[in-house]
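Protein chains in written order, with my numbering: chain A, 1196 to 1658; chain B, 1196 to 1658; chain C, 1196 to 1658; chain D, 1196 to 1658.
Where is the CB? At the ideal position from N, CA and C, for every residue including glycine.
Nothing here was measured: the structure is a model prediction, and the numbers come from that model.
For reference, the structure discussed in these notes is given below.
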């Protein structure tokens, strides 16, 4: 599914490294590999042991960091962040890591996820004298840490974490320590690795591959890691709940070369495609996927169905932010950008178009029309996940319930809406068969709230 | 195969449009869809009927043309060009179309291909008083046209074309006409289409799809088209030779959604992959391709062999020109960019890695090592075309014979060089079975010179 | 004197406007006219009545604000700031106005000056739970305001101001009010004007001239202005001390077309030059000044002495930040930038070179050598102010005492150091005659601390 | 006078250097010092001895040349050019030096001036087979040189020069020689200097000062210099006419620190101001000049009249090309940019406003109004040169006769038009007294055609 065409935004990415001679460079390459999780802005904070240096900016990693500014970021510990696009005039302020300096030292914080009680916490903190310069949950955490009084910093951080509700994967950096924290449900992914003598953490394992690090394990739900020159130590801040990893990380967000809890994402998606073929066998000539996130599922569908897999849709490689959009009249004349149907492949064919997920239906509508205009005789839209019917409060920027098509229309209405000859979804049961259920014991539990409305955190169904 | 890693450059692209109210806009979108053929620079010249306006620059189409400069390019006829990277300090001068102004009117010229007698022509023209400001073959044509004396312009162009040897697809624009010319062997692709009442020509049909134009036919070898307000007329400048379209356009250069002489490129590549599977069945676990140009062949191989097709290699989407390259020491520490092997897919597997073509072997060497480091137990490299043994004089920027690996080593040596468990090529015979032979009568002849050394133009084997 | 060549940085500038339909535009032009006070960064915050919108950035006003971003800054009240260069990797955070948002509304703050107790305040505030993201004194004020508890905002601001020591000219903006505050000594300049129905405040009156506003009066020392839709009201937060305006505003910082307390800066400088001629008549052929800040004094010296005033030194107009600096070897070969001596004017002449002030002596040394190389037979350096011997704690970024040449060397040593035939300074007495003394009753008192060591605020001599 | 406000454009600048280890760097700094002669574009061509390397671009010298591109320009001989603004979409093509390559070597050409027979030459050359890619006279010269046939290059250049009519200062560079040519009347300035063992030529001597070169002499009218490793040789292509240097170079174009034929420009302008005071003594309070070009004349007027010289007008330093222009309504509200009157100086005063020249009267009108709005009781406009009544064909981009105010209105009408209390011009006689007459024998002849209509080249009054 094309991110541009729907209300499903990517989810930020965090990275941390400790005890590496090129900590900032490693962060740069790692953020680059996490760039699909956020393109609005990025930042790196590095510690020299004595002080924290930051570089942040709006734009892609390659735009924010020049060779010159990288030279200034010297140190052996660092954290970094990529941020997804939210618009607004105040963009820069919200670029993370946020950096707070005090007479006794600084602290930098980067966050992936979404707190469900941030507004309550802000009101409480403002009443107690806090003032806020950003909209970031990371600033809420910083104020809570400060509220912890005169106890040592790690104690204050742990206390602050107990005040939070919702989803979070935090990395925090001081002059002399790297801290890592994951929420009690492990809603967002976070992996731990080794790079020579250095420890690394990242939202996705593809960051490890790029910098040549080896995967050690997932960070556990509720875990709090302290990493410093004397080594790594682990504690649990909240009682360990069953993990409830966001299923959409498998379905859409993560890169196909990442592993989530040891499962390769491409392979998982391919299995979803195969399961889709078992649930919904369809008589057709070719199978095609929507680049890039649906290709794995389409390959799986084709393999299981025995139908040929084809490149029926091509995504343009050179459309950038500076592209001059065609005017309305040009668009009506047929000027198509970003994605085009391959006539030579679909003309005269019955086409199965596999997409990874279904939010507003806009992509499906456009692609179905495109394929028909290119000569497809039938277009069958098959979605390799269940319909999204419930809003997400844990960091996935879906629409509100009123905008979620599947929350408001039945299958027949949706099929008519998109103009396809058929529309089918993978069932929740099949999805669980492939990816694991919310109740898995062995750390493989999932959050399926957007499909089922069963939120892992009690009370969130009333938010 | 990754263009960055080898001596095989893309081949420029041309576009022309006549009688369209948004001629420059159409050129902009068309050049955008042809961008894979050249990223160094691009230009558009438009005619208002009275005068020619140009905009050219170094960089991507999106960088050269701003909304502001597009507003100035008003007119109903236009030509455009994208140019591939050749480096050098004098880049701008060589960006096309070249524009020549005289007291009696101007002429703009854009060229795809390579003349084999351009040096002789330059010496002759210089002896007769011509001076040159660029290295472009288009400037040679301009001087020849001027040498034609006082006869009408179309006559002078046609005479000038008869002086040329080698490969060319030209578009020429004056205040009141669009001319199109293809060399007698049709070595480079050039298609004719309609967009409402407008005529369009483009190096590839994907440009037509983007702007909503319909394909009419190929421009014929040796054909000379005159397009003006009274309509289109066709002549043949040289006696019509059998077409000898560059086989590498199918194998590597063209976009998978383009059709060449009615054959879809993706489909052709997939057939090459299937043929490869027939010629070289291999016992293995997974099939993977090198993004982006080899994916079709890999899918074909998988389909024919019954082995699963997997995304074993991932290309980074966000590596741009401003990327900070890892230092040698970082590279040795394992920092990988642009392309990475997917451990979750290849670990413990016997991998068939399909690539489209084989020039210097550098890509194959790197990818083989990458796959083995990611845990592949065997790596079999299968190339969906024959080895390139002979230099190209017709516009494909291959290396000289001494640098072409296959011209200097035998199969065993090459396999050892790249470190693969096996290395196999598609045979010339199988390639001809799929794509057509040099001797095809029905306009489907191919140039296979880089594989066979049989150059379609007599004498070029002695160049 | 050339700012680039010495440790004397310009001093920020602030602007505020209320009740103008183009509040942001007026701020843009005003900041442009205050640009000489700071080139590192600038920002504007505007209120729509309901919410605050900000735009800030590093660079010149013309670089930070594009036509597109100005369109978004709609509202009838605004404040703006230009910031002088301090370097550092964390530049953006310190660009003002700072903007603080809370559930009950926002507040934006811009500051010119320097608090002498900011470190104590930070320590105290941190102990009470505040966390800091910037180095700006404006953030200290914001936290103090928050500490004021539940009393109405104006009360809290006034209480916060009573906690501050040192120099400040503040503008503060909420959704519905503009507040203005000047420290009890009026160390930094701040003027009030009218623009139609709108109120405006600015660090210098040149901002009023540019936007067509009329000057009303100076803001008084210790004054606190509240400006809202119901009009302007004035209060005094501290008991009104005698004004002690920074003498260097006349000597160096302010633009020659600004008026400080009704006195035109060019005219004041010219008078300083005349006084210098009276104190130090010298037999010579020509008088010249160092562009741009010393020209007025040089003109005054020439007029009083009867010697011809000449353009003996030329400043380059096109040297920008992107200029490629000559290498050391080129510099030794004689490549001169930014400033050059006019051979045709000084050759064979006895030259009086008037400069406005004397900090490190670097400029004088370079210019004396330049003039001699250009053929001057004698170079007499005359400084139109007394030697700077004491550090400033009120916002002028002078060097520490150990770096101030005049604090460490006597006149003869300094003359030898710069290689001039003579070196003379205006006396403190003459300066007071022209500009007013520290003890003036009629609001014309000056701070002469950097010349005399008599700091207006008790205790600052022990800082 | 402000260039922005009138039809009087600056006139390009050329530079050449031979036998210097940092030839390109010297060109860079020299072009920088000549930047006032042209801001649209600039270029440098350097020879390594074997080949020519070029770098050109639109924009200021600092924008065109980066540190990186300067590194590539290695060689010991170079020429450079700055070009004034003419607009047009085809800007780049006209940026000089033009570079022509042939199989036997290249030639680069840069030009300052204007040929009066370029159109005839183009028609002739086109008839003989030449084709043109630019509007530059330099391209005409290149074609003429090529027409010279098989004779050695210097002979061909000399023959080509004899075909030219009008004004030119040419520098030409081949792999092994630097050629310099000045038209038979020496209409444009061109000086010769030494820099260690290297020869340098430049449009103005300020370029010599910046790079530490020493002035040798003027290039003579009609002179042709050949500079190569064996030394410099001089010839005269045309019989030596009396020099007729453009008087406007003294009045307006050249930098005040340049010397023209040994006369310092600032000093000459000051003398013009003194002469103006003698011709037109006026009872007033202050004298002020229009920055920057009129300041010298104003200083001279003040000195001769005994009236005080004041900074009554201030030019903004930070208005750049990216400045957001005030809308018409804002302009009517009084927003003033670029130039402002200093109220503190002119209020209640009778002001003499000295300007260097008078073309369209727009500047005078605006400034007079500005001064009156700032409180001046009388404004007397005194122009330090005669009225411009005739068009220039030699490179000064004045308006056509119909647009030259002084060609169409009498003194009284012009005074009323600009709203001044009086308007006076320096007489042609006084100008000649100061600067020299058209008939000077001693190489000090002037072209006064724009004042008198007496064109030095016979027949140009009928152009």
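query	result
Using a Cβ-Cβ cut-off of less than 9 Å, list which residues of the segment 1250 to 1279 of chain D approach chain B; keep chain order.	1250, 1251, 1252, 1264, 1267 and 1268
Excluding sequence positions up to five away, which residues of its chain have a Cβ less than 6 Å from the Cβ of residue 1221(C)?	1212, 1215 and 1406
For a quick check, are the C-beta atoms of residue 1542(A) and residue 1432(A) less than 7 Å apart?	no
Once the 5 residues before and after residue 1351(B) are set aside, which same chain residues still bring their CB inside 6 Å of it?	1340 and 1343
Grab the span of the beta strand (DSSP E) containing residue 1421(C) for me, first residue to last.	1418 to 1423
Output, in sequence order along the chain, the residues in the segment 1537 to 1563 of chain A whose CB is closer than 7 Å to any CB in chain B.	1537, 1538, 1539 and 1540
Quick check on DSSP: helix, strand or coil for residue 1306(C)?	strand
Quick one: Cα of residue 1261(C) to Cα of residue 1251(C), how far?	11 Å
At least one CB of chain A closer than 7 Å to the CB of residue 1214(B): is that the case?	no
At the 7 Å Cβ level, is residue 1304(B) part of the contact set with chain D, yes or no?	no
Based on Cα-Cα distance, which residue from 1522(D), 1326(D) and 1297(D) lies nearest to residue 1299(B)?	1326(D)
For residue 1361(C), which residues does DSSP report across the bridge?	1310(C)
State whether the segment 1549 to 1565 of chain D contacts the segment 1476 to 1496 of chain C, with contact taken as three or more CB pairs (one from each stretch) at a distance under 8 Å.	no
For residue 1475(B) and residue 1577(B), which I take to be in contact (beta-carbon distance under 8 Å), what is that distance rounded to the nearest angstrom?	6 Å
Would a check of beta-carbon distances place residue 1509(A) closer than 7 Å to chain B?	yes
What residues in its chain sit with their C-beta under 6 Å from that of residue 1395(B), if we drop five residues either side in the sequence?	1212, 1388 and 1408
If you measure between the beta carbons of residue 1219(C) and residue 1273(C), is that distance less than 7 Å?	yes
Taking Cβ positions, are residue 1554(A) and residue 1574(A) nearer each other than 7 Å?	no
Work out the CA separation of residue 1330(C) and residue 1618(C) for me, nearest whole Å.	39 Å
Do residue 1513(C) and residue 1230(D) have their C-beta atoms within less than 7 Å of each other?	yes
Hey, how far is the Cα of residue 1210(D) from the Cα of residue 1449(B)?	48 Å
Work out the CA separation of residue 1522(A) and residue 1528(A) for me, nearest whole Å.	10 Å
Are the segment 1598 to 1610 of chain A and the segment 1463 to 1478 of chain A in contact at 8 Å, needing three or more beta carbon pairs?	no
What residues match up with residue 1250(C) in a beta bridge as DSSP calls it?	1239(C)
Any heavy atom of the ligand NAD closer than 6 Å to the Cβ of residue 1233(D)?	The model on display carries no ligand, and the ligand NAD is accordingly not part of it.
Just verifying my parser: in three-state terms, what is the DSSP assignment at residue 1231(B)?	helix
Measure the alpha-carbon distance for residue 1599(A) versus residue 1646(A) and round it to whole angstroms.	11 Å
Determine the closest residue to residue 1460(A) out of 1491(B), 1509(B) and 1443(B), with distance taken between C-alpha atoms.	1509(B)
Name, please, each residue of chain C whose Cβ falls closer than 9 Å to the Cβ of residue 1496(D).	Within 9 Å Cβ-Cβ: nothing; residue 1496(D) doesn't reach chain C, min ~12 Å.
Report the neighbours of residue 1297(C) on chain A: residues whose CB is nearer than 7 Å to its CB, in chain order.	1321, 1326 and 1327
Mapping DSSP to helix, strand and coil, what is residue 1611(A)?	helix
Roughly how many angstroms lie between the CA atoms of residue 1579(D) and residue 1323(B), to the nearest whole one?	54 Å
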